[in-house]
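Participant: Heads up: the sequence shown runs through residues 132 to 512, numbered per our numbering.
Glycine is no exception: its CB is placed at the ideal position from the N, C-alpha and C atoms.
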Amino acid sequence: MLPATTDVLVVGAGPTGLTVAVGLARLGRHVTVVDGQAEGANTTRAAVVHARTLEVLEPYGVVDALVSRGLRATGFSIRDRDRVLVPVPFGGLPTAYPYTLMISQEVTEAVLLARLTELGGRVLRPYTVTGVEQDEAGATVTFAGGESVRAAYVVGADGMHSTVREQAGIAFTGEAYAESFSLADVRLSGGVPQDEVVLYFSPAGVLVVAPLPGGSYRIVATVPEAPRVPDVAFVQRLLDDRGPEAGRAVVREVVWGSRFQVHHRVADAYRAGRILLAGDAAHVHSPAGGQGMNAGITDGVALATALDAVLGGGSPGLLDAYGAVRRPVAQQIVSLADRITRLATVDRRFRPARNLALRLLAALPAFRRQLAWRLSGLVYR
Ligand SMILES: Cc1cc2nc3c(=O)[nH]c(=O)nc-3n(C[C@H](O)[C@H](O)[C@H](O)COP(=O)(O)OP(=O)(O)OC[C@H]3O[C@@H](n4cnc5c(N)ncnc54)[C@H](O)[C@@H]3O)c2cc1C
């Protein structure tokens, strides 16, 4: 099943690895994608695809399929209970996609995989990478089953606990947040908008309520200790304590739920010789702002372009340029998510002052525009 040699071995078939693979396959490069899991995950996880991500994916032939299967949220707002502190409309953005696309990560991955298959590529499973050794001419990747593959370049798109990153000796600097995150896809009635993503600021923690295709909602909240699987009563309490008051949102059913611990970390380097990092292997942060998968896909597009150029005889310095461009973006995203998370959870005593300051800022069109540009990713054009 595994080839003896390949131009590029992509480790990890999440959204980042699939993007790198489609990007190289469409340019005729020999790319091999492996994943340690026997099957792809079938959970929502990241649910937001921003305008800039759709823009960079345009040449990949996947945007129509994504847009037709997602729900267009035309705005984002920060609220304190019923009071809108900062409205962020995406409607005026100068892009073909003046909205944020709500779509399950499972569907995004399925669309990318279908495109890879169309281009003659596939994902080889289950193959868990255990070692990567490199020399001047290439890298040798070894697997848990004892197999090995020789590649000109190796891409570590193997997520937060990246083996490739460890094998390359690249540190993952940062730390974990004390709180854990509870996540639930629910059916509910009343109380919350159907075409807008809302971030509720509450002293108890952050609460995000986002509409999903098919009429359900994504709920994400920071809590001291999240239950392994949240139930209706738990999510209802989150909404009652932090969400809308005037029109109560009533939870009918929890369709899927999970919990996760959030770290904020950025890899010290994105390249070590013939090894490149992208996506969660290179950066992780709070989901506030829904940037994680978007950053991974955008890394993937930039990396595929750089690798194609180098395989075509271009200077390997282009691979350093990839890191030089994408690493500062990750640092900005980590700091934006961190600022939002800290602002959201200020002590009750400072809440009136925070709300006043935000409402004064939100009265400035330039502030609202800047936030829309940043959240949509257009600022990184
Ligand atoms: C429960 C949960 C909820 C989340 N919610 C949000 C959200 O609301 N918004 C948001 O933006 N982000 C969210 N995220 C993060 C988002 O899912 C990630 O940013 C995104 O999946 C990153 O994609 P990736 O391809 O870089 O890595 P991943 O999706 O982690 O994919 C890595 C792949 O590598 C494979 N792999 C790992 N190690 C090896 C190995 N040694 N050998 C071979 N294969 C290997 C894994 O099997 C996996 O398929 C959430 C994550 C989780 C877990």
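To the nearest angstrom, how far is the alpha carbon of LEU216 from that of GLY276?
Facilitator: Going by the C-alpha atoms only, they are around 55 Å apart.
Participant: What does DSSP give as the partner residues of HIS292 in its beta bridges?
Facilitator: DSSP output for HIS292 lists no bridge partner at all.
Participant: Take the Cβ of GLU356 as the centre, count every other Cβ of all protein chains shown within 10 Å, and call the residue buried at 16 or more, exposed below.
Facilitator: Answer is exposed; the Cβ neighbour count stays below 16.
Participant: Could you give the distance in angstroms between the alpha-carbon of LEU491 and the alpha-carbon of LEU474?
Facilitator: The alpha-carbon atoms of LEU491 and LEU474 are separated by roughly 15 Å.
Participant: Confirm the yes/no value for this check: CB of ALA144, any heavy atom of ligand 1, distance under 7 Å.
Facilitator: Yes, Cβ of ALA144 sits closer than 7 Å to a heavy atom of ligand 1.
Participant: Do the region 437-456 and the region 158-173 touch if we need at least three Cβ pairs shorter than 8 Å?
Facilitator: Yes, since at least three Cβ pairs between the region 437-456 and the region 158-173 fall closer than 8 Å, the two stretches touch.
Participant: Is any non-hydrogen atom of ligand 1 found closer than 7 Å to the C-beta of PRO190, if you look at the structure I gave you?
Facilitator: No; taking the cut-off as 7 Å, the Cβ of PRO190 has no heavy atom of ligand 1 nearer than that.
Participant: Look at the alpha carbon of LEU489 and the alpha carbon of ILE209, and state the distance between them as a whole number of angstroms.
Facilitator: So the two alpha carbons sit approximately 9 Å from each other.
Participant: Which full runs of the beta strand (DSSP E) of 3+ residues lie inside the region 404-445, going along the chain?
Facilitator: Listed in chain order, they are 406-408.
Participant: Measure how close the beta-carbons of LEU197 and SER293 come, nearest whole angstrom, since I'm counting them as under 8 Å.
Facilitator: Wrong, their Cβ atoms sit about 26 Å apart, outside the cutoff.
Participant: Return the chain-ordered ranges of every alpha helix (DSSP H) run that is complete within the region 221-291 and spans a minimum of 4 residues.
Facilitator: Within the region 221-291, the complete alpha helix (DSSP H) runs of at least 4 residues are 236-249.
Participant: Cα separation between GLN501 and HIS394?
Facilitator: Straight-line Cα distance between these residues: approximately 26 Å.
Participant: With 16 other CB atoms within 10 Å as the buried threshold, where does PHE274 fall?
Facilitator: Buried.
Participant: Less than 7 Å separating the Cβ of MET424 from some heavy atom of ligand 1?
Facilitator: It does: the Cβ of MET424 is within 7 Å (strictly closer) of some heavy atom of ligand 1.
Participant: Specify, as a first and last residue, the run of the alpha helix (DSSP H) that VAL153 falls within.
Facilitator: Residues 146-156.
Participant: Under 8 Å between the Cβ atoms of VAL366 and THR353?
Facilitator: Not closer than 8 Å, so no.
Participant: Does the beta-carbon of ASP266, which I'm using as the reference point, lie nearer than 7 Å to any heavy atom of ligand 1?
Facilitator: Because no heavy atom of ligand 1 lies under 7 Å away, the Cβ of ASP266 does not count as near it: no.
Participant: Less than 7 Å separating the Cβ of GLY148 from some heavy atom of ligand 1?
Facilitator: Because some heavy atom of ligand 1 lies under 7 Å away, the Cβ of GLY148 counts as near it: yes.
Participant: Assign PHE481 to buried or exposed, taking buried as 16 or more other Cβ atoms, counted over all protein chains shown, within 10 Å of its Cβ.
Facilitator: It counts as exposed.
Participant: Looking at the structure shown, is GLN367 part of a helix, part of a strand, or coil, going by DSSP?
Facilitator: Reduced to three states, the DSSP call for GLN367 is helix.
Participant: Quick check on this structure: which residue in LEU224, LEU149, VAL139 and VAL153 has the alpha carbon closest to the alpha carbon of ARG499?
Facilitator: The candidate whose alpha carbon is nearest that of ARG499 is LEU224.
Participant: Whose C-beta lies closer than 6 Å to the C-beta of SER333 among residues of the same chain, with five residues either side of it excluded?
Facilitator: Counting only Cβ-Cβ distances below 6 Å, and skipping sequence neighbours, we find ARG373.
Participant: Can you tell me which of the three DSSP states ASP469 falls into?
Facilitator: It is helical.
Participant: Quick check on this structure: which residue in THR175, ALA182 and ALA144 has the alpha carbon closest to the alpha carbon of ARG505?
Facilitator: The shortest Cα separation from ARG505 among THR175, ALA182 and ALA144 belongs to ALA182.
Participant: What's the call for ASP326, buried or exposed, on a 16-neighbour Cβ count within 10 Å?
Facilitator: By the neighbour-count rule (16 or more Cβ atoms within 10 Å), ASP326 is not buried but exposed.
Participant: Is the region 184-199 close to the region 314-323, with three or more CB pairs under 8 Å?
Facilitator: With a cut-off of 8 Å, the region 314-323 and the region 184-199 do not count as touching, because too few Cβ pairs lie within range.
Participant: Can GLY300 be considered in contact with ligand 1, in the sense that its beta carbon sits closer than 7 Å to one or more heavy atoms?
Facilitator: For ligand 1, not one heavy atom lies less than 7 Å from the Cβ of GLY300.
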